[in-house]
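Report on one structure; see the data block that follows.
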Amino acid sequence: MSNAPFNPVDLASFLKRAEGVLAQLEAWLPPAPPPIDWNAHAFRWRKRSTRGWLEPVRHIATIDLEDLQHIDRQKAVIDRNTIQFLEGKPANNVLMTGARGTGKSSLVKAMLATYGSRGLRLIEVDKSDLGDLQEIVETVADRPERFIVFCDDLSFEEGEPGYKALKSVLDGSIAASTNNVLIYATSNRRHLMPEYMHENLDAKHQSDGEIHPGETIEEKISLSERFGIWLSFYPFKQDDYLDIVAHWLRDLGCSEDSIARSQTQALQWTLERGSRSGRVAWQFAKDWAGREASRARAEADAQAPRQGPLADWRGGALDDMAGIE
């Protein structure tokens with residue numbers, strides 16, 4: 001053991017160097033997540049480095065349930081399930097699949113618009129962040145609100161880690177301790193993963209003619225089977241599409257005459273986009289309503305009396321001439 005006398009100067013120098021090292025390390029650390037604003041109705045899960053947090057969505061793109069046309073059965077099912085969830089009754093996770101632009105995501109947003117005042121909240125989670133589902137569930141577990149974890153346009157490729165994380169939540173191994181979280185997901189794939197022709201070669205043919213899927217196919221469909229409710233969405237028939245166009249044109253203030261004149265171009269619009277969907281109908285309605293407003297303005301300007309410096313000069317000259325006797 002050293003018998004050197006204690007030197008306070010050396011200690012002060014050491015502490016100063018240590019503070020400098022800590023300051024440099026602190027600059028590399030991610031900042032602490034901001035406190036959660038529980039007054040918000042919708043959140044996004046954000047992540048920086050290894051830290052995640054709920055970021056409130058200030059401007060929510062909601063839609064009224066009544067604006068969703070020709071998906072009455074799907075509306076009724078998800079509305080009933082959401083009410084059960086809000087009332088603390090048993091409710092299911094929901095998977096909505098089908099054609100793009102047919103109202104899947106809009107239906108979830110309509111639930112928030114309808115029931116946000118009753119404590120419904122929405123958390124949007126990207127596929128790349130599904131590994132954080134356990135942390136998200138734990139973050140809201142003690143809150144009195146009811147949270148829908150919303151995964152939009154969900155699909156997986158082979159080996160993606162989010163697949164197992166989502167499967168774990170749907171199995172209840174994570175969310176079993178809380179009844180204030182449900183998962184609503186949308187996808188263009190019924191089974192959420194790509195399926196290949198060669199995988200059918202693993203199917204087993206029984207002597208009685210029964211066919212059993214191979215292990216690869218069973219694994220791929222196992223995730224979608226864990227959603228208690230499946231809702232399918234389909235492209236709209238022509239008459240239904242035109243009804244939706246008319247609905248949005250009325251909402252945008254177009255006259256019935258304008259709506260009648262729009263039909264031919266509304267159908268042409270679908271041919272150019274290769275789809276008859278609610279989204280396409282809304283896009284056409286905005287385009288048509290904008291053009292109609294411009295046309296009405298041009299007609300009004302053409303009928304209005306001429307204004308400007310020349311008209312003012314002529315009016316003044318006539319007044320001067322009227323005063324000459």
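Here UniProt numbering is used: the first residue of the sequence shown is 1, the next is one more, and so on.
We put the CB at the ideal spot given by N, CA and C, even for glycine.
If you're wondering where the values come from, they're calculated on a predicted model, not measured in any experiment.
Proximity test, residue i beta-carbon vs the ligand ATP heavy atom, cut-off 7 Å
i: Gly88; result: Absent from the structure shown: the ligand ATP. Ligands present: none.
Counted within 10 angstroms of its Cβ, other Cβ atoms place residue i as buried (16 or more) or exposed
i: Gly101; result: buried
i: Glu19; result: exposed
i: His247; result: buried
i: Lys75; result: buried
i: His70; result: buried
i: Trp269; result: buried
i: Ser13; result: exposed
i: Glu292; result: buried
i: Lys89; result: exposed
i: Thr82; result: buried
i: Trp288; result: buried
i: Trp38; result: exposed
i: Gly274; result: exposed
i: Gly103; result: buried
i: Leu130; result: buried
i: Glu55; result: buried
i: Asn200; result: Interpretation of Asn200 is limited by its pLDDT of 48, a score under 50 that renders its predicted location unreliable; the figure taken from the coordinates is listed afterwards. With fewer than 16 other Cβ atoms within 10 Å, it is exposed.
i: Ala266; result: buried
i: Gly290; result: exposed
i: Ser262; result: buried
i: His198; result: Residue placement at His198 cannot be trusted, given a pLDDT of 44 that sits under 50; what the coordinates show is reported in the next sentence. Exposed.
i: Leu15; result: exposed
Distance CB(residue i)-CB(residue j) smaller than 8 Å
i: Leu231; j: Ile78; result: yes
i: Leu252; j: Ala285; result: yes
i: Arg121; j: His59; result: no
i: Asn93; j: Leu170; result: yes
i: Leu95; j: Ser168; result: no
i: Asp132; j: Lys237; result: no
i: Lys109; j: Thr139; result: no
i: Tyr234; j: Arg276; result: no
i: Asn180; j: Arg146; result: yes
i: Leu68; j: Thr114; result: no
i: Lys127; j: Gly98; result: no
i: Pro144; j: Gly116; result: no
i: Tyr184; j: Ile136; result: no
i: Gly245; j: Ala281; result: What sits at residue 245 in the sequence shown is Val, not Gly. It is a contact, given that the beta carbons lie within the stated cut-off.
i: Trp53; j: Val125; result: no
Where residue i sits in the DSSP three-state scheme
i: Phe150; result: strand
i: Glu55; result: strand
i: Ile183; result: strand
i: Leu68; result: coil
i: Arg189; result: coil
i: Leu231; result: strand
i: Phe43; result: strand
i: Arg48; result: strand
i: Glu145; result: coil
i: Leu223; result: coil
i: Phe236; result: coil
i: Thr139; result: helix
i: Asp132; result: helix
i: Ser155; result: coil
i: Ala61; result: coil
i: Asp126; result: coil
i: Ile78; result: helix
Rounded Cβ spacing between residue i and residue j (contact assumed at less than 8 Å)
i: Ile123; j: Phe150; result: 7 Å
i: Ile259; j: Leu271; result: Not confirmed; about 19 Å, so no contact.
i: Ser105; j: Asp152; result: 5 Å
Test: residue i CB closer than 8 Å to a CB of chain C
i: Gly88; result: Protein chains in the displayed structure number just one, and chain C is not present.
Problem - In chain order, each beta strand (DSSP E) run of at least 3 residues that lies wholly inside the stretch 83-124 - result: 94-98, 120-124
Handout entry: Completely contained alpha helix (DSSP H) runs for the stretch 238-310, where each covers 4 or more residues
Key = Listed in chain order, they are 238-251, 256-273, 278-303.
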